[in-house]
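179 is the number of the first residue of the sequence shown in this note's numbering; add one for each residue after it.
Glycine is no exception: its CB is placed at the ideal position from the N, C-alpha and C atoms.
The structure displayed is predicted, hence computed values, not measured ones.
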Amino acid sequence: MATNDDMNKALLLAGLIGLGAMAYTSNQRRREFDSSLREQLQAEGLEFISAELGRGPSNEPVWMVTLTHPFRGLQRYSVSFAPEDEPYAIKTMNSLVGRILTKANVRIAK
């Protein structure tokens with residue numbers, strides 16, 4: 179019969195495995211987001227450097243995107259999004275790209 183210590187160890191192990199799986203999934207989503215962002219910006223002539231989640235002056239969630247502009251050089255853009263929006267969602271991605279292109283004064287090729 180299992181003791182409380184054995185049960186606690188089993189629960190702890192299950193929790194650690196679950197956390198590891200969640201971290202892997204989160205990292206995978208992040209890599210996919212960065213890759214898609216890179217492709218979309220590159221198609222418009224902008225070189226993606228990095229994207230970081232952060233908070234704006236009013237504590238709203240923001241993406242802080244660093245890129246190389248063909249005429250202005252290294253640029254950093256801060257783009258807020260609604261707190262209820264998923265940071266890695268397609269909706270957020272589309273809004274982010276559109277707003278960066280507007281701020282960077284890049285014509286969207288359609």
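**Study point:** Pick from Glu-262, Leu-252, Asn-205 that is closest to Pro-239, judged by C-alpha positions
**Key:** Glu-262
**Study point:** Run of the beta strand (DSSP E) containing Arg-254, from where it starts to where it stops
**Key:** 251–258
Review point. Between Arg-276 and Asn-186, what straight-line distance do the alpha-carbon atoms span, to the nearest angstrom?
Key: What sits at residue 276 in the sequence shown is Gly, not Arg. Those two C-alpha atoms are separated by around 50 Å.
Review point. Taking the runs of the beta strand (DSSP E) that are 3 residues or longer, which of them lie wholly in the stretch 207–249?
Key: The beta strand (DSSP E) runs of length 3 or more contained entirely in the stretch 207–249 are, from start to end of the chain, 225–233, 239–247.
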